[in-house]
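Here's what the structure looks like:
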């Protein structure tokens, strides 16, 4: 076993605390990664606080992980020792189902769905009675730690020209917004609206703009209007009903990145006929949708879940090529409580990234 | 002016009563139709009772109208006197907007949207301030009457081999379900689920089956299970959670025909990945949709509104060709109160059609 050190929540009411644990050594086809940086995603907080009622404790969050390959398990040949690699939300999938075979591991339909980088299988054994847990474990420990061991094919290559601390949030915030932009075929000249201007909104706006779309951000935070201008995109207060009315039937795609239950009804009229609003931030029952507005213009409300491995590699390469990336603030692990509070209050601009070198001072 | 006689609601709390009124004579490009049969749609009841808060009184319902052309306005050449024709939900549209030009009049984006066969423009003048009402009127009187005058291109041809009383419900119930089956590309071998087994559900099941799909009806009425068997389709009680669980991820398309607010969450897991649930029956805020199930398999929830003129003609011809049609019960206009009560209690099997010959006895 491998000695590991990180930060964990021991229960839903506790803050993160130093945590010593063990990881299995890299087995066949696996690699051991020295973690350098890990992004702080709003879902880390949802999970730590058990807000989705499925958290396994202890919970070591972190699924925007960039590190350096330190050791190769037997047969692992995809990466070399010393390579910079990234691990996103998934660290494995069933590899047997139709989506996995089609390269859409993020929609894995295996009995336990995909294996999350932390908190274990998406469908834990006790929720799939009669099924064996294909991963043989009910918890995984994420990137708020000094070392990670994953199957080599679930580690993405960090392209040259992308700093590791900037690459980290691309692995979730970037991938989660890139996938629907690509799936719904965003192209130059189209108009894309981004609802919510946090870590995901920041990436969605930059990616859609780099794809040639005309981008409008909808935010409830007046102070963020200037930030949007800095990105060279339009911005509108989501509460400004007059401004919304003027944008009626003008968008080809709307992406909602708001990370909790919210009301999309004010935005549906902004879609053109036959167009789609994709919810990527929230994973709970939403406010009721007014079916009249939807049916009268055959609009769709849908959702999209993170991204496939191929899309995640694509968005890393796309960001390097277009010289875009998240706005990050580097923090030490000892600043995590304050960071969580600011994320919850919507005060982060736009993504905290933990420098795991800060763990050393904690360990000693 | 033309003397007309029909049944109208004078206010939301009143039942339908005999109503003498006048219609403008057929103008340029219009035709005068002697009404023979008119279907009773659940939306007639919603409208009469002002359940969508937009009813204009007096309200003469009826948008599943079949009749015989009696007179041609100047220049009208599409139909001949004596032809059997049908009029569905729309009797005109703006003819200027992109959807109208693309032949999708049912998604008309003109300032007043399309002109409903009864209750007037979909967007009445007072709801579009500053816009002129392109139709010059705020009410229209529908097919529960002895005569109708409409633009000739909004009258469909009733194909030989389709009895007029059977053709009537195809103009709304048939068209409304045919349009999404076609738009979402239902084809032989696919599996289609129909939620709700009333007038629309009956037509949806028959149409999907004729398209070669394997059809399952979901109903909350145990007594209707046998009716489905008679149609040669599967049927499941919507409340039978065990039966629903066994159908997980097996449907290519789900069509909800339930004509009021309802909960689609129990059915979303039945869709295959990337597939769609189309709501055609309800036009109000729905029960909150659980975004987790939607996002985890990139499913969509959408809506569809009646059908274009071309699709309405297509479904009439399709029904004649495949020798299918609604199960109808012919009633006299004097039986309308009892019919409404039974529709509301879900007791109709499956569509009441008024024989307008019964008006004569009322008038004399």
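Protein chains in written order, with our numbering: chain A, 10 to 373; chain B, 10 to 373.
A virtual CB, placed ideally from N, CA and C, is assigned to each residue, including glycine.
Everything numeric in this text was worked out from a predicted model, so none of it was measured.
Taking just the CA atoms, how far does residue 211 of chain A sit from residue 108 of chain B?
Between the alpha carbons of residue 108 of chain B and residue 211 of chain A lies a distance of about 34 Å.
Please tell me whether residue 317 of chain B has its Cβ less than 8 Å away from any Cβ of chain A.
Residue contact check for residue 317 of chain B against chain A: no CB pair falls below 8 Å.
Looking at the unbroken beta strand (DSSP E) that takes in residue 29 of chain A, where does it start and where does it end?
For residue 29 of chain A, the enclosing beta strand (DSSP E) starts and ends at 26–32.
Cβ-based burial, residue 20 of chain A [other Cβ within 10 Å; buried from 16]:
That one is exposed.
Where residue 191 of chain B sits in the DSSP three-state scheme:
DSSP, reduced to helix, strand and coil, places residue 191 of chain B within a helical segment of the structure shown.
Got a sec? Which residues, its chain only, sit under 7 Å from residue 82 of chain B by beta carbon, not counting five neighbours each side?
Only 35, 36, 37, 38, 39, 40 meet the Cβ criterion.
Mind pulling the chain B residues with CB within less than 9 Å of residue 14 of chain A?
Scanning chain B for C-beta atoms nearer than 9 Å to the C-beta of residue 14 of chain A yields nothing, as the closest lies near 33 Å away.
Report yes or no: do three or more beta-carbon pairs, one from the region 190–200 of chain B and one from the region 99–119 of chain B, lie closer than 8 Å?
With a cut-off of 8 Å, the region 99–119 of chain B and the region 190–200 of chain B do not count as touching, because too few Cβ pairs lie within range.
May I ask you to list, following chain order, the residues of the region 304–332 of chain B that have a beta carbon less than 8 Å from some beta carbon of chain A?
Contact annotation: in the region 304–332 of chain B, residues whose CB is within less than 8 Å of a CB in chain A are 304, 305, 306, 307, 308, 309, 310, 311, 312, 313, 314.
Keeping to the same chain, check which residues put their C-beta closer than 7 Å to that of residue 369 of chain A; ignore five residues upstream and five downstream.
Close CB contacts of residue 369 of chain A within its chain, under the 7 Å cut and outside five residues either way in sequence, are absent.
Cβ pair residue 335 of chain A, residue 226 of chain A closer than 8 Å:
Cβ atoms of residue 335 of chain A and residue 226 of chain A: not closer than 8 Å.
Are the Cβ atoms of residue 26 of chain A and residue 16 of chain A separated by less than 8 Å?
Yes.
List, in chain order, every chain B residue whose beta-carbon is nearer than 9 Å to that of residue 299 of chain A.
Within chain B, the residues near residue 299 of chain A are 292, 293, 294, 295.
If residue 74 of chain A and residue 93 of chain A are in contact, beta carbons under 8 Å, what's the gap, nearest whole angstrom?
Their Cβ separation, rounded to whole angstroms, is 11 Å, which puts residue 74 of chain A and residue 93 of chain A out of contact at 8 Å.
Can you tell which of A/167, A/104, A/135 has the C-alpha that lies nearest to the C-alpha of residue 88 of chain A?
The shortest C-alpha separation from residue 88 of chain A is found at A/167.
Based on the DSSP output, what are the partners of residue 309 of chain B in its beta bridges?
Beta bridge pairing from DSSP links residue 309 of chain B with A/311, B/285.
May I have the straight-line CA-CA distance separating residue 256 of chain B from residue 279 of chain B, to the nearest angstrom?
Using only the alpha carbons, I get a separation of about 6 Å.
Is there a Cβ from chain A that is less than 8 Å from the Cβ of residue 282 of chain B?
Among the CB atoms of chain A, one or more fall inside 8 Å of the CB of residue 282 of chain B.
Which value, in whole angstroms, describes the spacing of the CA atoms of residue 165 of chain B and residue 99 of chain B?
As the crow flies, the alpha-carbon of residue 165 of chain B is around 11 Å from that of residue 99 of chain B.
Taking contact to mean at least 3 C-beta pairs separated by less than 8 Å, is the region 43–58 of chain A in contact with the region 40–49 of chain B?
Here the region 43–58 of chain A makes no contact with the region 40–49 of chain B; the two share fewer than three CB pairs at distances below 8 Å.
Note down, in chain order, each residue of its chain lying with its Cβ closer than 6 Å to the Cβ of residue 274 of chain B, except the 5 sequence neighbours on either side.
Sequence-distant Cβ neighbours of residue 274 of chain B in its own chain, meaning closer than 6 Å and more than five residues away, are 299.
C-beta neighbour in chain A for residue 118 of chain B, strict 8 Å:
Yes, its Cβ sits closer than 8 Å to a Cβ of chain A.
Looking at the C-beta of residue 108 of chain A, does it have a partner C-beta in chain B at a distance below 8 Å?
Yes, contact with chain B.
Establish whether the CB of residue 258 of chain B and some CB of chain A are separated by less than 8 Å.
Under the Cβ distance rule, residue 258 of chain B counts among the residues neighbouring chain A, one pair being separated by less than 8 Å.
Does residue 178 of chain A come out as helix, strand or coil in the three-state DSSP assignment?
Helix, per DSSP.
Per-residue burial, residue 199 of chain B [other beta carbons within 10 Å of its own, 16 or more giving buried]
Residue 199 of chain B should be labelled buried.
Enumerate in chain order the residues of its own chain whose CB-to-CB distance from residue 306 of chain B is below 6 Å, with the five nearest sequence positions on each side excluded.
Excluding residues within five positions, the ones whose Cβ falls inside 6 Å are 282.
Using a threshold of 8 Å, state whether the C-beta atoms of residue 262 of chain B and residue 304 of chain A are closer than that.
Their beta carbons are not under 8 Å apart, which means residue 262 of chain B does not touch residue 304 of chain A by this criterion.
Quick check on residue 215 of chain A: buried or exposed, where buried means 16 or more other Cβ atoms within 10 Å of its Cβ?
Buried is the call here.
Sub-8 Å separation of residue 205 of chain A and residue 290 of chain A beta-carbons
Yes, the Cβ-Cβ distance between residue 205 of chain A and residue 290 of chain A is below 8 Å.
Any C-beta of chain A sitting closer than 8 Å to the C-beta of residue 42 of chain B?
By this cut-off, residue 42 of chain B is not an interface position.
Which residues of chain B have a Cβ atom closer than 8 Å to the Cβ of residue 179 of chain A, listed in chain order?
Within 8 Å Cβ-Cβ: nothing; residue 179 of chain A doesn't reach chain B, min ~20 Å.
Thinking C-alpha only, which one of B/229, B/143, B/61 is nearest residue 301 of chain A?
Cα-wise, what sits closest to residue 301 of chain A is B/61.
Check whether the region 319–339 of chain B touches the region 356–371 of chain B, taking contact to mean three or more Cβ pairs, one atom from each stretch, closer than 8 Å.
With a cut-off of 8 Å, the region 356–371 of chain B and the region 319–339 of chain B count as touching, because enough Cβ pairs lie within range.
Under the rule that 16 or more other beta-carbon atoms within 10 Å means buried, what is residue 155 of chain A, buried or exposed?
Around the CB of residue 155 of chain A, 16 or more other CB atoms lie within 10 Å, so the residue is classed as buried.
Between which two residues does the alpha helix (DSSP H) carrying residue 327 of chain A extend?
Here the alpha helix (DSSP H) through residue 327 of chain A covers 318–331.
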